[in-house]
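Student: What the sequence shown shows, in UniProt numbering, is residues 1 to 55, in sequence order. Idealized CB from N, CA, C, for every residue including glycine. It should be emphasised that the depicted structure is a prediction, and the values quoted were computed from it without experimental measurement.
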Amino acid sequence: MFSVNEPFFQGHFPGKPILPGVLILEAMAQATGILAFKSVGKLEPGELYYFAGID
1 MFSVNEPFFQ
11 GHFPGKPILP
21 GVLILEAMAQ
31 ATGILAFKSV
41 GKLEPGELYY
51 FAGID
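1. To the nearest angstrom, report how far apart Leu48 and Leu35 are at their CA atoms.
2. Using the Cα positions of Leu23 and Ala29, report the straight-line distance between them to the nearest angstrom.
3. Note the first and the last residue of the continuous alpha helix (DSSP H) segment covering Phe13.
4. Which two residues bound the contiguous alpha helix (DSSP H) that contains Leu35?
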């Protein structure tokens, strides 16, 4: 969690803070991981979830 006072907000567009895209993608990846875990249920021993990447 963060606030509008974070340093990364200051450098993009002065006076118009936006959340950098890399942080949006990170949040989406983490939310998708949680959704997948909740949707599939318990993993079998030795099974893993991997985030492969974004182009």
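Tutor: Straight from the coordinates:
1. 14 Å
2. 10 Å
3. Here Phe13 belongs to no alpha helix (DSSP H), and DSSP marks it neither H nor E.
4. 21-40
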